[in-house]
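Down below is the structure, laid out as structure tokens.
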Amino acid sequence: MEKLEPFSFSKRFEGVPLIGSAFAGEHPGLIPLAFGFPYPDSFSIDELAESSVSALRTAGTEALQYSGGPGQKKVLEWIRERSRLRSIHVDTDHILITSGSNQGIDLAARTLTDPGDAVWVDAPVYFGALRAFYLAQTELTAFPVDDQGLRVDVVEEALIEAAAGKRAMPKFIYVLPNYHNPAGVTLSVERRKKLAELAYQYNFYIIEDDAYVELNFGGEFLPSIYSFGPERVIYMSTFSKIVAPGIRMAWVISDPEVLSRIKIVKTDGLTSVFVQEMISRFLEKVDFEAHLKPLVEGYRLRRDAMVNAIHEFFGDEVSFEKPEGGFFLWLTFPPETDTTKLLHEAVKAGVSFVDGKSFYLVDKPTNNLRLAFSFCDEKQIREAIQKLAEVYKKQKNAVC
């Protein structure tokens, strides 16, 4: 066979980074603090199996057929009622089922923007969203995060500049308000209100990614940004963290006009009808609060194990905000630390994490990393933090 000539692939996406938890490496025996996955015992296998069989037996061919609707009726109704806990009061015509949260982010970005439009994000920012916005060919600007979430005051200053023609006005601002990935912080109520006010004042949208909202260790739920600005917020949440990520099922809440435009962009046509029928029966079968309670407790115990181990093995060498929910802890080292080199040595020692540089656009700091406490058990977490501390101290002494 003749040698093939080189093929010219699309040049539009050559600058898009390949990033994600897998970046930290997979090796036998590695303790994967990089993996932002649910812990395996969190899955309700028996109930899901029974729900799958029930979906086939009762829905029959309908569960296996095409469907062009926004979602299965009972699932939409469950989402509608559950959303009231976030101060979101909508009819089911405001809800669209998607194939995972990342699809929702991608759909919203492509619906709201044209190539070259301005999009504002936080720094650090969830790299799945970052990738979607790169692929939409938007112009990204990042704004700092502190212990109360996105610095809305800095955003407001930039909006004033944009209104004066000194920079481009954003088409939307992306926010992960509860238990931020990767920073672990929660956006304060005052900042939520202010950001919604700014969206009305300057005519931009907010993409509110609320993937971790149910994983609340303190019991207090803050009102959503959507509740303060429903005409300018596209709200998203997911079953991935509360049922299983493998089902790839999430939802978008917004004005019906916005959803009608998103449906045009949603080229897969539908989210798996069978999965929706299965989840419908699962939600009927289980007492959801009873299902959720041990799930959240499992994550809280893992969070505590990580926090305690960091205090034990690092002392005051590092700093972090203790997350009140979610999957992640954001660790900051002294400025002279190079976490890229630290990752290389940590993997050799049997521990992975995600280098903080993966979560920034520009001016990437070298001394941050993201640890996931969600996947490993408490014993593994303690062992991993001990190994990480040993590698760090060895690297520090080598520099000295």
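Following our numbering, the numbering of the sequence shown begins with -11 at its first residue and continues without gaps. Backbone N, C-alpha and C define an ideal beta-carbon position, used for all residues, glycine too.
Please state if the CB of R290 and the CB of I369 are separated by a distance shorter than 8 Å. Along the sequence shown, one-based indexing puts residue 369 at 381. Along the sequence shown, one-based indexing puts residue 290 at 302. In this structure, I369 places its C-beta atom within 8 Å of the C-beta atom of R290.
If you reduce the DSSP assignment to three classes, tell me which class N191 lands in. The count along the sequence shown starts at 1 and reaches residue 191 at position 203. In the structure shown, N191 sits in coil (DSSP, three-state: anything other than H, G, I, E or B).
Endpoints, the alpha helix (DSSP H) within which E345 is located: To locate residue 345, count along the sequence shown from 1; it is residue 357. The question names Glu, but residue 345 in the sequence shown is Lys. Note, K345: premise wrong, no alpha helix (DSSP H); not H, not E.
Can you list, in chain order, the residues of its chain with a C-beta nearer than 8 Å to that of V63? Leave out the 5 residues immediately preceding and following it. Position 75 of the sequence shown, counted from the first residue, corresponds to residue 63. Cβ neighbours of V63 within its own chain (closer than 8 Å, five residues either side excluded): I85, Q264, I267, S268 and L271.
Please identify the residue among E144, R139 and V342 whose C-alpha is closest to the C-alpha of L175. Taking the first residue of the sequence shown as position 1, residue 175 is located at position 187. Out of E144, R139 and V342, the CA that lies nearest to the CA of L175 is found in R139.
Quick check: the Cα distance between G206 and F115, rounded to an integer number of angstroms? Start at 1 with the first residue of the sequence shown, and residue 206 comes out as number 218. Start at 1 with the first residue of the sequence shown, and residue 115 comes out as number 127. G206 and F115 have their alpha carbons spaced roughly 27 Å apart.
What did DSSP end up calling N356 once you bin it into helix, strand or coil? Here residue 356 refers to the residue found at position 368 when the sequence shown is read from its first residue. Strand, per DSSP.
C-beta atoms of K95 and V253 nearer than 8 Å: Taking the first residue of the sequence shown as 1, we reach residue 95 at position 107. Taking the first residue of the sequence shown as 1, we reach residue 253 at position 265. Going by the sequence as given, residue 95 is Leu instead of Lys. Against a cut-off of 8 Å, the Cβ pair of V253 and L95 comes out as a contact.
Between the C-alpha atoms of T126 and N385, what's the straight-line distance to the nearest angstrom? Reading the sequence shown from its first residue, position 138 is the one you call residue 126. Reading the sequence shown from its first residue, position 397 is the one you call residue 385. Approximately 43 Å between the Cα atoms of the pair.
Assuming R358 and P170 form a contact by the criterion Cβ under 8 Å, report the distance between their Cβ atoms to the nearest whole angstrom. For the purposes of this step, residue 358 is identified with residue 370 of the sequence shown, where counting begins at 1. For the purposes of this step, residue 170 is identified with residue 182 of the sequence shown, where counting begins at 1. Confirmed, about 4 Å.
Among A22, F302, G17 and D29, the one whose alpha carbon lies nearest that of L283: Here the question's residue 283 lines up with position 295 in the sequence shown. Cα-wise, what sits closest to L283 is D29.
Using 8 Å as the threshold, is the segment 209 to 218 in touch with the segment 74 to 89, meaning 3 or more CB pairs across them? With contact defined as three or more Cβ pairs closer than 8 Å, the segment 209 to 218 and the segment 74 to 89 are in contact.
Please classify K381 as buried or exposed, where buried requires at least 16 other C-beta atoms within 10 Å of its C-beta. Start at 1 with the first residue of the sequence shown, and residue 381 comes out as number 393. Flag for K381 reads exposed.
Can you tell me whether DSSP reads I213 as helix, strand or coil? Residue numbering aside, residue 213 sits at position 225 when the sequence shown is read from its first letter. If DSSP states are grouped into helix, strand and coil, I213 belongs with coil.
Compute the Euclidean distance between the alpha carbons of S55 and T259, then round it to the nearest angstrom. Numbered from its first residue, the sequence shown carries residue 55 at position 67. Numbered from its first residue, the sequence shown carries residue 259 at position 271. Computed Cα separation, rounded: 9 Å.
With a CB to CB cut of under 7 Å and the five nearest residues on each side skipped, what residues in its chain are close to Y188? What you label residue 188 is simply residue 200 of the sequence shown in a count that begins at 1. Shown here for Y188: same chain residues with a beta carbon closer than 7 Å to its own, the five before and five after excluded, namely G217 and R220 in chain order.
Got a sec? Which residues, its chain only, sit under 8 Å from K375 by beta carbon, not counting five neighbours each side? If you number the sequence shown from 1, residue 375 lands on position 387. Scanning its chain for C-beta atoms nearer than 8 Å, with the 5 sequence neighbours on each side dropped, one finds around K375 the residues I19, A334, A337, G338 and V339, in chain order.
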